[in-house]
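As you go down the protein sequences, you meet chains E and C in turn. For the first sequence, this note's numbering assigns the number 15 to the initial residue and increments by one for each residue that follows. For the second sequence, this note's numbering assigns the number -8 to the initial residue and increments by one for each residue that follows. Backbone N, C-alpha and C define an ideal beta-carbon position, used for all residues, glycine too. Below is one structure; the comments refer to it alone.
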Amino acid sequence: MLKISNLQARVESKEILRGINLEIKPGEVHAIMGPNGSGKSTLASVLAGREDYEVTGGTVEFNGKDLLELAPEERAAEGIFLAFQYPVEIPGVTTINFLKTAINQIRKYHEKDPLDAAQFLKLMKDKAKSVKIDDQLLRRSLNEGFSGGEKKRNEIFQMAMLEPSLGILDETDSGLDIDALKIVADGVNQLRSKDRSFIVVTHYQRLLDYIVPDFVHVLYKGKIVKSGTKELALELEEKGYDWIKAEADALEASMV
Amino acid sequence: MSFPNIQAQYEAEFENIQKNLNGKSDSSFNKIRRSAFEKYKSLGLPSVKNEDWKYSNLKGLEKISVSFPKASNFDSSIFKSLPLSDLEGISLCFVNGIFQTELSHIEESSKIKVMSLDQALEQNPEIIEKYYGKSLDLEKESVSALNVALASTGSVIIIPDNSTLDQAVIIKNISDVNSGDISNNIHNLIVIGKNAEVKVVEIFQTVGEHAAISNLVTEIFVDEDARADYYKIQDENDKSYHLGTTQVIQAAKSYFYAATVTINGGFVRNNLNLVLDGEHIESHMFGLYIPNGKQHIDNHTLVDHRKPNCESNELYKGVLMDSSNGVFNGKIFVREDAQKTNAYQNCRNVITSDNASMNSKPQLEIWADDVKCSHGTTTGKLNDEAIFYMQSRGIPKPEAIRLQLVAFAEDVVSQIKIEKLRDMLDVLIENKLT
């Protein structure tokens, strides 16, 4: 479904991704871990098409298409969803209105007729129930004045509405207490299916207790330096990142 | 003289009016006109050296050859298809200053008296005597002085004491500039009696591609306990000039609520001056301007708090596109007597192009010591992160921008209390922001 080959990216003159290779098959959940500044969030942003980053090399193939050629909205229409670390507040635009526009734009992209008001409301009610989000929240301006937990829950709700084939969670656990974390993880688990894959970007192992990954990758200095199964995350929890850094730095030194 | 060509045209028109008075040159009305014209002549049209006109240069007027409209026949069908023409209420429609019976709707009612300026001069000269030009400071305002001298058209609306009007009163001024440039001098008087209530809508539109110069003065007298809503809607072509002053005198315990929405206009100057001349007065002012191309929209507001225990509140918002200019000057004047004044002002602007500009200036002059006043002004671009957020949900960039701009404008439109007008404006705004 997703094939990242030797992906390199920079912001201004700073190299952040220095050759990422990663392949994700339908239904798989991949966790991307790593110390601060390793490039985890950059990878999530580059996949979603954020303009601040310049891709300087490599390819990303998504369901047979060259992802890097597509505008962010086209990537969304093709099935990529980024749950933001810091969801943006948009005054005056309700979540309902926002999602109605989004869904119908995506339908337009696929040359389908727009949903009418009744169809949309039914869909919204069903999904709101499934991810346990309050209707009232959806009638307010998007994310405006929401608590941290409400914002993240709203991200998962949006994901449920847009039904992407690849969900990218960018440090969704940051700023959440354990109860909010469980609710968000619950929402994600409900969306897991044999056709839908996830990239879970996180600094801590904690989220992976609730969203159990098939694979764990450790990113350091813009490269994946170690891959494994969920046990790798537990090892990182126990031993920290230093041993991985030391291994990676030694390897890099030997190659120079 | 800063603008010799246009000023010569105005002088010629004034002579023309004087010649055609048929023995009425000694009437008190003509004396008012003469005196106003003398004041205008001594001041001249304001140049950018005048602080109040620093950002709004009238030099473009020099290129216009105006004709002052005379009675003529119009094909009214084209006016019926203009936006906002379906708005219901008691309506007076003027095309090039000439009253159009067929496009107007006036009902006999004890709750309202509606006349054209000409009719009022014939039938109720005492009203003209009492109110015409009385709220204005012609010693300083040459554009208003010119209006008082030349006004050839206008509406006089009287709401008697204790009458509550459910229908809106609509004054529509259409400039038909299909066959040449037109100059209109419009003077409206709106007198709202004690404990009376009314909603007034002023609409300015053009048909055709030539220039229209509209010099508007609307004087509104809001008596004790009266409640007035005043909506000024402008949708004129890019060559048009609108020089407008709305002067409001509020008596004790009255309520005044204004929204000025400028959809289109080549050069627009709106003065909105409120005099709070009594205690326990409440005043609200909202404004929205969304210029594109080379449009220039200037809003000057003044709130003069003269007495204690009053509250004024103001919100102006602008979306400036292409190479357009916006100006906002908001003055709050709190006199020594006006203790316990609450006065709030906010001006917020979004600029969508590097070539657009906004000059925004709050001016607070406070002489009383026990007051609450605040003001704020912001001008910025749309948040890139918000646009990316919307794109990442499948919304193309132009649509993401449009959604945000429409939401930004909605803050002002939602303040309008006539639902149908609100809906019509939403359509015009959404179309323009596309």
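Can the beta-carbon of Tyr224 of chain E be found less than 8 Å from the beta-carbon of Ile258 of chain E?
In the first sequence, the residue the question calls residue 224 of chain E occupies position 210. In the first sequence, the residue the question calls residue 258 of chain E occupies position 244. No.
Partner residues on chain E for Phe277 of chain C, Cβ-Cβ distance less than 9 Å
Along the second sequence, read from residue 1 onward, the residue named residue 277 of chain C stands at position 286. Result: empty, since nearest Cβ-Cβ is about 15 Å, beyond 9 Å.
Burial state of Val252 of chain C, where buried means 16 or more other Cβ atoms lie within 10 Å
The residue you call residue 252 of chain C lines up with position 261 of the second sequence. Counting Cβ neighbours within 10 Å, Val252 of chain C comes out buried, since at least 16 surround it.
Would Ala194 of chain E count as contacting chain C if we go by Cβ distances under 8 Å?
The count along the first sequence starts at 1 and reaches residue 194 of chain E at position 180. No, no contact with chain C.
Going by DSSP, what residue range makes up the beta strand (DSSP E) through Pro353 of chain C?
For the purposes of this step, residue 353 of chain C is identified with residue 362 of the second sequence, where counting begins at 1. Element bounds for Pro353 of chain C: 348 to 357.
Rounded C-alpha distance that separates His217 of chain E from Ser314 of chain C:
For the purposes of this step, residue 217 of chain E is taken as the residue at position 203 of the first sequence. For the purposes of this step, residue 314 of chain C is taken as the residue at position 323 of the second sequence. Cα to Cα, the separation comes out at about 47 Å.
Given Val139 of chain C as reference, the closest of C:Ile177, C:Ala111, C:Arg297, C:Ser154 once Cα atoms are compared:
Here residue 139 of chain C corresponds to residue number 148 of the second sequence, with the count starting at 1. Looking at the Cα atoms, C:Ile177 is the closest of the given residues.
Could you have a look at Phe28 of chain C and say whether DSSP puts it in helix, strand or coil?
Taking the first residue of the second sequence as 1, we reach residue 28 of chain C at position 37. Phe28 of chain C falls in the helix class under three-state DSSP.
Rounded straight-line distance, which links the Cα of Asn422 of chain C to that of Ala211 of chain E:
In the first sequence, counting from the first residue as 1, residue 211 of chain E sits at position 197. In the second sequence, counting from the first residue as 1, residue 422 of chain C sits at position 431. Rather than Ala, the amino acid found at residue 211 of chain E in this sequence is Ser. Answer to the nearest angstrom: the Cα atoms are 40 Å apart.
Name the residues in the segment 383 to 397 of chain C whose C-beta lies less than 9 Å from a C-beta of chain E; which are they?
Ser383, Arg384, Gly385, Ile386, Pro387, Lys388, Glu390, Ala391, Leu394, Gln395, Val397
Beta-carbon proximity of Phe481 of chain C to His296 of chain C, cut-off 8 Å
Nothing in the structure corresponds to residue 481 of chain C, since chain C is present only between -8 and 425.
C-beta atoms of Glu48 of chain E and Val232 of chain E nearer than 8 Å:
Translated into positions along the first sequence, residue 48 of chain E becomes position 34. Translated into positions along the first sequence, residue 232 of chain E becomes position 218. Reading off the sequence shown, one finds Gly at residue 48 of chain E, where the question assumed Glu. In contact: Gly48 of chain E and Val232 of chain E (Cβ atoms closer than 8 Å).
In DSSP terms, what Phe98 of chain E is bridged to:
In the first sequence, residue 98 of chain E corresponds to position 84, counting from 1. BP columns for Phe98 of chain E are empty, so no partner.
Does the ligand COA have a heavy atom nearer than 7 Å to the CB of Gly235 of chain C?
Among the components of this structure there are no ligands whatsoever, and the ligand COA is therefore not found.
Residues of its chain near Pro101 of chain E, where Cβ-Cβ distance is below 6 Å and the 5 sequence neighbours each way are ignored:
Here the question's residue 101 of chain E lines up with position 87 in the first sequence. Taken in chain order, the residues that qualify are Asn157, Lys165, Glu169.
CB contact check: Ile120 of chain E to chain C, cutoff 8 Å:
Position 106 of the first sequence, counted from the first residue, corresponds to residue 120 of chain E. Yes, because at least one Cβ of chain C sits closer than 8 Å to the Cβ of Ile120 of chain E.
Look up Ala23 of chain E in the DSSP assignment and say whether it is helix, strand or coil.
Taking the first sequence and counting its residues from 1, one reaches residue 23 of chain E at position 9. Looking at Ala23 of chain E - three-state DSSP - the assignment turns out to be strand.
Using a Cβ-Cβ cut-off of 8 Å (strictly less than) and excluding sequence neighbours within five positions of Leu82 of chain E, which residues of its own chain qualify?
Walking along the first sequence from the start, residue 82 of chain E turns up at place 68. Val69, Thr73, Val74.
CB-CB under 8 Å to Lys278 of chain E, same chain, minus the five flanking residues each way: which ones, in chain order?
Examination of residue 278 of chain E is not possible in this model, given that chain E is present from 15 through 270 alone.
How is Gln(-2) of chain C classed by DSSP in three states: helix, strand or coil?
Your numbering for residue -2 of chain C matches position 7 in the second sequence. Helix, per DSSP.
For Val403 of chain C, which of C:Leu373, C:Arg326, C:Asn304 has the nearest alpha-carbon?
Against the second sequence, residue 403 of chain C aligns to sequence position 412. Among C:Leu373, C:Arg326, C:Asn304, the Cα nearest to that of Val403 of chain C belongs to C:Asn304.
Alpha helix (DSSP H) segment containing Ser268 of chain E, residue limits
Against the first sequence, residue 268 of chain E aligns to sequence position 254. Here the alpha helix (DSSP H) through Ser268 of chain E covers 256 to 269.
How about Phe98 of chain E: is its C-beta nearer than 8 Å to some C-beta of chain C?
Position 84 of the first sequence, counting from 1, holds the residue named residue 98 of chain E. So yes, Phe98 of chain E belongs to the interface.
Taking Cβ positions, are Ala329 of chain C and Ala377 of chain C nearer each other than 8 Å?
One-based indexing of the second sequence puts residue 329 of chain C at position 338. One-based indexing of the second sequence puts residue 377 of chain C at position 386. No, the Cβ-Cβ distance between Ala329 of chain C and Ala377 of chain C is not below 8 Å.
Does DSSP classify Thr70 of chain E as helix, strand or coil?
Looking up residue 70 of chain E in the first sequence gives position 56. Here Thr70 of chain E sits in strand by DSSP.
Three-state secondary structure assigned by DSSP to Arg260 of chain C
Residue mapping note: residue 260 of chain C aligns to position 269 of the second sequence, counting from 1. Residue state, collapsed to three classes: strand.
Given that Phe399 of chain C touches chain E, what residues does it touch there, using C-beta distances under 9 Å?
If you number the second sequence from 1, residue 399 of chain C lands on position 408. What Phe399 of chain C touches in chain E: Pro105, Gly106.
Quick check on Leu137 of chain E - is its C-beta less than 8 Å from some C-beta in chain C?
Along the first sequence, read from residue 1 onward, the residue named residue 137 of chain E stands at position 123. No, no contact with chain C.
Just the Cα atoms here: how many angstroms apart are Ser33 of chain C and Val134 of chain C?
As a first step, residue 33 of chain C must be located in the second sequence, where it is residue number 42. As a first step, residue 134 of chain C must be located in the second sequence, where it is residue number 143. The alpha-carbon atoms of Ser33 of chain C and Val134 of chain C are separated by roughly 12 Å.
Pick helix, strand or coil for Arg326 of chain C, following the three-state DSSP scheme.
Here residue 326 of chain C refers to the residue found at position 335 when the second sequence is read from its first residue. Three-state DSSP puts Arg326 of chain C in coil, outside helix and strand.
Cβ separation of Asn186 of chain C and Asp167 of chain C, assumed to be a contact under 8 Å, to the nearest whole Å
Looking up residue 186 of chain C in the second sequence gives position 195. Looking up residue 167 of chain C in the second sequence gives position 176. About 40 Å separates the two Cβ atoms, so there is no contact after all.
8 Å Cβ cutoff, Asp250 of chain C in contact with chain E
The count along the second sequence starts at 1 and reaches residue 250 of chain C at position 259. Sequence inspection shows Ala at residue 250 of chain C; the Asp mentioned does not correspond to that position. By this cut-off, Ala250 of chain C is not an interface position.
Just to confirm my understanding: we take Thr369 of chain C, look at its own chain, exclude 5 residues before and 5 after, and list those with CB closer than 8 Å. What are they?
Position 378 of the second sequence holds residue 369 of chain C. Closer than 8 Å at Cβ, skipping near neighbours: Cys338, Arg339, Asn340.
Measuring CB to CB, does Val106 of chain E end up less than 8 Å from Ala250 of chain C?
Taking the first residue of the first sequence as 1, we reach residue 106 of chain E at position 92. Taking the first residue of the second sequence as 1, we reach residue 250 of chain C at position 259. Per the sequence presented here, residue 106 of chain E reads as Gly, with Val not at that position. Going by C-beta atoms, Gly106 of chain E is not nearer than 8 Å to Ala250 of chain C.
If you draw a straight line from the C-alpha of Ile161 of chain C to the C-alpha of Leu412 of chain C, how long is it?
Here residue 161 of chain C is taken as the residue at index 170 of the second sequence, counted from 1. Here residue 412 of chain C is taken as the residue at index 421 of the second sequence, counted from 1. The alpha-carbon atoms of Ile161 of chain C and Leu412 of chain C are separated by roughly 11 Å.
Counting along the chain, where does the alpha helix (DSSP H) carrying Met47 of chain E start and finish?
Looking up residue 47 of chain E in the first sequence gives position 33. Met47 of chain E -> not in any alpha helix (DSSP H); beta strand (DSSP E) instead, spanning 43 to 47.
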